[in-house]
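Enquirer:
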Ligand code: ARG
Ligand code: GLU
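Residue numbers (the working numbering): 1 to 720.
(1) Which ranges does the alpha helix (DSSP H) cover as unbroken runs of at least 4 residues, wholly within the stretch 195-239, from first to last along the chain?
(2) From the DSSP secondary-structure annotation, give me the bridge partner or partners of residue 412.
(3) Taking residue 531 as the reference, which of 470, 569, 62 has the closest Cα?
(4) In terms of alpha-carbon separation, which member of 329, 241, 125, 240 lies closest to residue 677?
(5) In angstroms with no decimal places, state the Cα-to-Cα distance between residue 10 and residue 451.
(6) Looking only at its chain, what residues have a beta carbon closer than 7 Å to the beta carbon of residue 97, apart from the 5 residues adjacent to it on each side?
(7) Determine the DSSP secondary structure at residue 694, reduced to helix, strand or coil.
(8) Just to confirm my understanding: we take residue 684, look at its own chain, exclude 5 residues before and 5 after, and list those with CB closer than 6 Å. What are they?
(9) Nearest CA to the CA of residue 80: which residue from 481, 389, 398, 194?
(10) In the DSSP assignment, the alpha helix (DSSP H) including residue 541 goes from what residue to what residue?
(11) So residue 647 packs on residue 256, CB below 8 Å; how close in whole Å?
(12) Can you list, in chain order, the residues of its chain whose CB lies under 6 Å from that of residue 552, leaving out five sequence neighbours each side?
(13) Can you check whether the CB of residue 612 is closer than 8 Å to the CB of residue 210?
(14) Which residue comes first and which comes last in the alpha helix (DSSP H) that contains residue 365?
(15) Buried or exposed for residue 164, please, with buried defined as at least 16 other CB atoms from any protein chain shown within 10 angstroms of its CB.
(16) Put residue 253 into one of helix, strand or coil per three-state DSSP.
(17) Indicate whether residue 52 and residue 43 have their beta-carbon atoms separated by less than 8 Å.
(18) Could you have a look at residue 452 and say whether DSSP puts it in helix, strand or coil?
(19) What span of residues does the beta strand (DSSP E) with residue 742 cover, start to end?
(20) How would you write the range of the beta strand (DSSP E) that residue 644 sits in, first residue to last?
(21) Examine the ligand ARG and report whether any of its heavy atoms sits within less than 7 Å of the Cβ of residue 680.
(22) Give, in chain order, every unbroken run of the alpha helix (DSSP H) that is at least 4 residues long and sits entirely within the stretch 39-111.
(23) For residue 125, which option in 244, 173, 114, 491 has the closest C-alpha, if you only look at C-alpha atoms?
(24) Decide yes or no for the touch test of the stretch 62-74 against the stretch 113-125: beta carbon pairs closer than 8 Å, at least 3 of them.
(25) Which residues does DSSP list as the beta-bridge partners of residue 131?
(26) Which whole-angstrom value is the C-beta distance of residue 107 and residue 200, which I expect to be below 8 Å?
(27) Three Cβ pairs or more, each shorter than 8 Å: is that satisfied between the stretch 536-553 and the stretch 378-393?
(28) Since residue 274 contacts residue 575 with CB under 8 Å, what's their CB separation in whole angstroms?
(29) For the beta strand (DSSP E) holding residue 176, just list the boundary residues, first then last.
(30) Between residue 73 and residue 198, which are expected to be in contact by the criterion C-beta below 8 Å, what is the C-beta distance as a whole number of angstroms?
(31) Is residue 654 near the ligand GLU, in the sense that its beta carbon is under 7 Å from a heavy atom of that ligand?
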């Protein structure tokens, strides 16, 4: 009897304690003191919430920036030195590289301020303050409003709150919804616009393991790069100018060479992009059973084709390296995510939770009235949404994945202009010419032709006939079902796959030439799919998504009402968050246990001069052979490379500082373990791990490998 009761209690715990597994949660910095400080300290933290986020004095938040639009970086010196991932700085490093200055192969180290390289367009956004503005934003919003009335009211309110603020302030602000639109916060930011490249290791360190090791543990990637924030002589953000000076930050992170050990408390401070932890089971089912499989197959087909040609020609491998990385990244992520949800029985868990939710909702007339219809409404809406979402996925992953089709899309403008009898302005011509040159630089027609024929075939097979453009139906009758023959003819007849011809076309362009474009078979293909999307997919998709926004908002509020004692964290939305956990290995599968750290030893084990991803330079080998790690060696004499911990992170957390109990920098976040990538939908403390570069490997590479110790001198190194 007692035993049964305990089992039941445990089951109820598992079901209802949704948002609070150890390690789970991406918390709002300004609410840490109220919600998390106590727990963080119990887990080992020695500092206070006020040290992390304060608006009265300088605090750690003043040392963190959103790097560009998709990563995090931290300030590590009083001269505005910024540390982020190699993969976050990659496009800048690549842009500065040339045959004479091959920074990808050799690395780059500015020996002085003059040698630091500007990156127009790159920004670093620092959060100055955040304020709750829910009441003002929702002022005038009523239950009776339609979703679009509600949205326009909110937009107006937010617009005037921001206008009022910006009138009085030197800073910029924006407003973001939290908890699916149940709360709103104003985020006040300062945006730095002169960010210079200071250092990067060679890519065989910064990308060691490449796409093969991506998302995986054990990992050995030296995934870091260094930048510096510059400001005008007045200390304020400014566009690049020679007289700009290094930024003097209010806060910069001290670096600890003490390392981490099993069980140590760590926290990660950064900009997670998007999670969806509070979805109903129907949504999880749609994503895992209906959306991911198709996207995975389409990407896999593409990657196989990339690989086939890359293996035949090293030039092609270089052309397709970054495309490969981009396609492969989320391909692998989706596989891990689906496997993780299956392994957790994620859908049944949500179903069980929903049963409990229904029981609760039906237990009072008031709740029943408010929430009784929610779950059936979700079910009905997701049933309608699923085929449309899948079609939209295929539009992006099968149609626009064909490079030439996506390229044809950039000529849309010409047709629009000629319809209105407007001329094409010289600067537009230049823009299209630049796009054209850039496009063909890394374009290999045989790959793209094979991609087109394979992906269109899959589209034809998987997507309902009501979403088929006419020409797809004709491949059977006209080409005897031979997709290669069809594709061959498309490429033979099109002029868009010929760089010179396109450039001449643009140079001589007159409005009447738009006919040539409209009759081009590639443009026709693009046009045909685009109209299907615009006419038969988008309208219903937007309507259903609006309906879901409203249902999800109510469901979120309901879940919070059902568990008033529970701490909830809002889904990630590219605002600054804190997540915390403990250093810990994990068991990825039966009989296998992973240790929490990797060492240089493992780099040598993986070394293979014939495999691009596993090349190790002689210089690194020599340091390894001599065990010449200087003050960066761990206590046991090894050179630590990376470690894992239970911090709940996602895309955008790349480059985030990983901090110890004292708030000192011990690592740089750069990935998650594959087995735990379902944490965007559902966190499992057994296998969800973030992967961090050990800060000592970073220091070792800068100092010992690159001989750029003068950069280390600039940092605050503490050893204990
Ligand atoms: N998986 C990591 C992150 O999303 C690293 C991605 C870059 N590396 C790569 N091999 N594609 O996003
Ligand atoms: N590499 C990812 C990024 O770019 C972080 C990995 C993750 O999704 O956790 O943000």
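Just so you know, even glycine gets a beta-carbon here, dropped at the ideal spot from N, CA and C.
Since the model is a prediction, treat every value here as computed from it, not as a measurement.
Expert: Based on what the coordinates show:
(1) 203-206, 210-213
(2) For residue 412, which the question treats as bridged, DSSP gives no partner whatsoever.
(3) 470
(4) 329
(5) Any reading at residue 10 is ruled out, since the residue's pLDDT is 46, under 50, leaving its predicted position unreliable.
(6) 103, 104
(7) strand
(8) 344
(9) 194
(10) 538-562
(11) With a Cβ gap of about 17 Å, residue 647 and residue 256 do not count as contacting.
(12) 180
(13) yes
(14) 365-371
(15) exposed
(16) coil
(17) no
(18) helix
(19) Absent from the structure is residue 742, since the part of the chain shown begins at 1 and ends at 720.
(20) 640-645
(21) no
(22) 49-52, 86-96, 103-106
(23) 173
(24) yes
(25) 186
(26) 6 Å
(27) yes
(28) In fact, because the Cβ distance is near 11 Å, the residues do not count as touching under 8 Å.
(29) 172-178
(30) Not quite, the Cβ-Cβ distance comes to about 12 Å (not below 8 Å), so this is no contact.
(31) yes
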